[in-house]
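So the working numbering is basically just the index in the first sequence, starting at one, shifted up by 11.
For every residue, glycine included, the Cβ atom is placed at its ideal position computed from N, Cα and C.
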Amino acid sequence: MRKTYFILTPYRSILQSHKKFKKISTVPPDQPCILAGSKFANHSLLMANKITDRKDDYSQWYLDVVKEAKLADHSPVRGSMIIRPNGFALWENMKQALDQMFKDTGHENAYFPLFIPKSFLSKEAQHVEGFAKECAVVTHSRLKSVDGGVEVDPESRLDEELIVRPTSETIIWDAYGKWIQSYRDLPILINQWANVVRWEMRTRLFLRTMEFLWQEGHTAHATEEEAVEETRKMLYVYKTFAEEYMAMPVLTGVKTESERFAGAVDTYCIEALMQDGKALQAGTSHFLGQNFAKAFDVKFQDQDGEHKYVWATSWGVSTRLIGGLIMTHSDDNGLVLPPKLAPNQVVIVPIYRKDEQREAVLNYAQPIIDELRDKGISVKLDDRDNFKPGWKFAQHEAEGVPLRIAIGPRDVENQNLEIARRDTLEKSIVPLGGIADHIEELLESIQADLFNAAKQRMDDATRTVNSYEEFKEEIENGGFIWAHWDGTAKTEEKIKEETKATIRLIPIHEDDPVPGECIVTGKPSKQKVLFARSY
RNA sequence: CGGGGAGUAGCGCAGUCCGGUAGCGCAUUCGCUUUGGGAGCGAAGGGUCGCAGGUUCAAAUCCUGUCUCCCCGACCA
């Protein structure tokens, strides 16, 4: 007896394209779907693409990509994540490039402790206010066993409670106070790679987690000019890193007072635009003035014999960059990685039927692997026998490997191979001769194309408006919007409440800015500022 | 922290309304056939149904509490 099944509308093209299901009836697109209960309800072809399309649900897509690319998992504790090997390898590559850039600009690495005495947090008034609401506090030092379980031992209460660092300015400036006496001790240019904890209400993998990994640079200078220069220098280090390594174009500028880092005089930032039209603050560099020097009483004796407060900066980028990377390049098939950061730049998938073919294919592949590795290109040979080539293709695409090489008996015979680009999904058959050079060029071109595509997208989504009406309409379409603003927090707040858009940055002008009138109040505006809805 | 949704095998889900001792697909193990876009057939293994209480002869299912995730708000990198 033959049963008739009905295919769910969204899946009909998938199933119909497969020979096995050719004869199955389909429901017209506007009819309700029936399939539950049939043998095919959970068929692998329907489950095959586990990644939600971006157009259907962007945040679900993001979560699917993180999961399918095996970047991170949720941990049992709310808001914290397990960074899996794929995700951590990415972070290590970012870290390596940034670390070199910091060293090239004269910085040294050091490590300051995780725990900060509670009293330190109260020393800088603005700083306290900014971070007080999101600090984890250690109050006890012991547990005790209680019938099979454990509970906090009330007798182990700490005399001075400890704060798990949300950032390290306080503990670092306490130390700098001991290190600095003379102008000869300056500047101090230190960076640290660390984890920090901020007790967030709402979290998202990589973009906002309670614990995250980052680097924080903390520098001390004799003069204001030097500190401001340092702040800006590191901002451009971040911009260079974002654009050259991540292939993620960014805009630079200064934050408004309401968006400024707690305790800073000026906060500089790099802002990127994600595919869904929302902005992401990808890195910050703060000019701290003498705020922390005063709070921790850090003075130096200058050449003129005077005792003066030290000038400070701090700057940081975090694992949030991984979130930015995902939302800049990835597509409905999964992660797309820029070659300069990809843990594996090339994956080789052998195709064969018989053992002789397997051997011939692997023998053919080995010199290619050697040649690529000699050029410093990272290659993975996926010779696992328990997965089909098609499965591997899909999996490596989900994981974002920039280039895939497929080698089968046909290629061995014809002395060529098939190369597929992850960014464009284009496949081509290329000759074996000069393959390493060809791949090196392809990787460079993928890196450049990813940046150009992202730049084009950002430029297309960046407009200027001249009235609040126009602003309200345009902001609905996402993207960056330049508009005049009267410079008051009140107007900024009104715009935020009415449109959910915030001022992402005030540009740093090399030449004189063009004045105008605020789109809300009509009052004088020194220059246009950049608005967007943001993460 | 407020409103909404969810948690059942490694993964994705059905079963919950109406209580009767757990099922499907993928994955895993074995065998044979396969391998250029997520292979096929046959057999096998795997789950204290998020956790803790309660109601009941009987709980994945009903009740209470709690944890975690997702979405929307308030807060922030």
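Alpha helix (DSSP H) segment containing residue i, residue limits
i    : result
N202 : Per DSSP, N202 belongs to no alpha helix (DSSP H); it is in the beta strand (DSSP E), I199 to V208.
R450 : Per the sequence shown, the amino acid found at residue 450 is Ile instead of Arg. Taken as a continuous stretch (DSSP letters only), the alpha helix (DSSP H) holding I450 covers I446 to D471.
D115 : P96 to D115
A186 : E180 to W190
T502 : A500 to T510
I337 : R331 to H340
F303 : N302 to A306
Y479 : Y479 to I486
A405 : P400 to E410
V139 : A136 to F142
Residue i in three-state terms, based on DSSP
i    : result
S545 : strand
I379 : helix
I492 : strand
R153 : coil
M58  : The pLDDT assigned to M58 is 48, lower than 50, so where the model puts this residue is not dependable; a value taken from the coordinates is nonetheless given after this. Note: M58 maps to helix in three-state DSSP.
F131 : helix
Q226 : strand
T37  : Caution is warranted here: a pLDDT of 42 is assigned to T37, below 50, making its placement in the model unreliable, and the coordinate value is therefore given only provisionally. Reduced to three states, the DSSP call for T37 is strand.
Y363 : coil
D422 : helix
K319 : strand
Y256 : coil
I18  : Any reading at I18 must be qualified, since the residue scores a pLDDT of 43, below 50, and its modelled position is unreliable; the value itself is stated next. In the structure shown, I18 sits in a strand (DSSP, three-state: E or B).
L443 : coil
Y73  : helix
V239 : helix
V248 : helix
V358 : strand
Y194 : helix
K78  : helix
D313 : coil
V531 : coil
L373 : helix
E119 : strand
E268 : helix
CA-to-CA distance, residue j to residue i, given in whole angstroms
i    : j    : result
T532 : A512 : 17 Å
G489 : D471 : 11 Å
L383 : A293 : 33 Å
Q192 : N302 : 18 Å
H85  : N97  : 15 Å
Y9   : E270 : Residue coverage of the chain in this structure runs from 12 to 546, which leaves residue 9 outside it and unanswerable.
L291 : D164 : 43 Å
V265 : D277 : 7 Å
A304 : P177 : 19 Å
W204 : W210 : 20 Å
I183 : L428 : 55 Å
F126 : D315 : 38 Å
N463 : T339 : 12 Å
G188 : L200 : 14 Å
S91  : E171 : 26 Å
Near the ligand NAP: residue i beta-carbon under 8 Å from a heavy atom
i   : result
R95 : The ligand NAP is not part of the structure shown, which contains no ligands of any sort.
Assigned exposure category for residue i - 16 Cβ within 10 Å defines buried
i    : result
V456 : One detail in the question is off: residue 456 reads as Ser in this sequence, not Val. Label assigned to S456: exposed.
E410 : buried
I440 : exposed
P526 : exposed
A500 : exposed
Y249 : buried
F398 : exposed
H318 : exposed
K134 : buried
Q195 : Note that residue 195 is Arg in the sequence shown here, rather than Gln. That one is exposed.
L154 : exposed
L453 : buried
V328 : buried
D521 : Contrary to the premise, residue 521 reads as Glu rather than Asp in this sequence. Burial call: exposed.
H229 : buried
P535 : exposed
Cβ separation of residue i and residue j, assumed to be a contact under 8 Å, to the nearest whole Å
i    : j    : result
P559 : P361 : The structure shown has nothing for residue 559, since the chain only spans 12 to 546.
L392 : A376 : 6 Å
A186 : F123 : 7 Å
V372 : G419 : 7 Å
N344 : I62  : 7 Å
Start-to-end residues for the beta strand (DSSP E) that takes in residue i
i    : result
H85  : A83 to H85
T278 : D277 to L284
V175 : R168 to V175
A431 : N427 to R432
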